[in-house]
Amino acid sequence: MAEPSSAPSRIRKPGPEHAVAAFFDLDKTIIASSSALAFSKPLLKEGLINRRAALRSAYAQLVFSLAGADENKTERLRAEVSRLCAGWDVAQVSAIVRETLHDVVDPLVYVEAAELIARHREDGHDVIVLSATGEEVVAPVAEMLGATRSVATRMQIVDGRYSGEVDFYCYGANKAVAAKQLAATHGYDLAECFAYTDSSTDIPLLEVVGHPHAVNPDKLLRREALERGWPILAFERPMSLRSRIPTRSAGVVALGVGAVAAGATWYGLSRRRRLR
């Protein structure tokens, strides 16, 4: 039985005729928590959510992290958070994220993930963050990490406010779709590409690359990784992002939308893939 490791399988430099990408999930792969949940305190402080909603969010995250949840529970949570986000002013949420991003994210980034991202960049690979969290949160985090680009969930905006609907769910099989589209656009050879994730819902993504890796995997992904011989990595050391990566401009950070991501995350979980 393969033992978890903090180091990935050997990273190969791309040949002159092929481009290579490393696809990273965000929550529990790059950072040691839920990126959506991380912004609940700033949103509470600014009055967008109340204490009851913040506590329910924290409890729901605990349930998922410890034992998972069935489809009915996740759909109820998704619907609740979608209702919560509906009507939020985009500019206000962007300002909250702009002011709190570094304090929220800094303590959560795994040292192992940051080092691995740096290794891929040194070896000439593009680094792409794929996340069910909202794109306005994922984009600035990805830039801070030195990623090449990111693809995330897109929330619908009507007249400057969130409608509570989602235009694109970057979750489950949609991550594999996004990887294929990026490969077609940027010339990546998927057989030479890498992927890193903690969740069994991302198995479709792992299946389309030549070098899949399970990072701090959930029970179902661990079982699948052991059966398929996929490397299992253990990331254990959160770090201060600010101490290693230069702070980006406020203009970049202003892309952020914090807890709107939670609605997309809960929706995605409702479509959780069941392994046979």
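Okay, so the sequence shown: first residue is 1 according to the UniProt record's numbering, each after it adds one. Ideal Cβ positions, reconstructed from N, Cα and C, are used throughout, including at glycine.
For threonine 153, the beta-bridge partners assigned by DSSP are Gly134. Take the alpha-carbon of valine 90 and the one of valine 138: they are about 16 Å apart. Straight-line spacing of the CA atoms in valine 166 and alanine 195 works out to 25 Å. Within the DSSP bridge table, the entry for alanine 195 names Phe23 and Pro212 as partners. Cβ contact annotation for histidine 211 (same chain, cutoff 6 Å, sequence separation greater than five): Phe194, in chain order. The Cβ atoms of alanine 19 and glycine 187 sit closer than 7 Å to each other. Taking all protein chains shown into account, glycine 134 has 16 or more neighbouring C-beta atoms within 10 Å of its C-beta and is therefore buried.
Cβ neighbours of aspartate 218 within its own chain (closer than 8 Å, five residues either side excluded): Gly68, Asp198, Ser199 and Ser200. Glycine 146 and tryptophan 88 have their C-alpha atoms roughly 30 Å apart.
The continuous beta strand (DSSP E) containing valine 166 extends over residues 161-168. For isoleucine 117, the enclosing alpha helix (DSSP H) covers residues 111-122.
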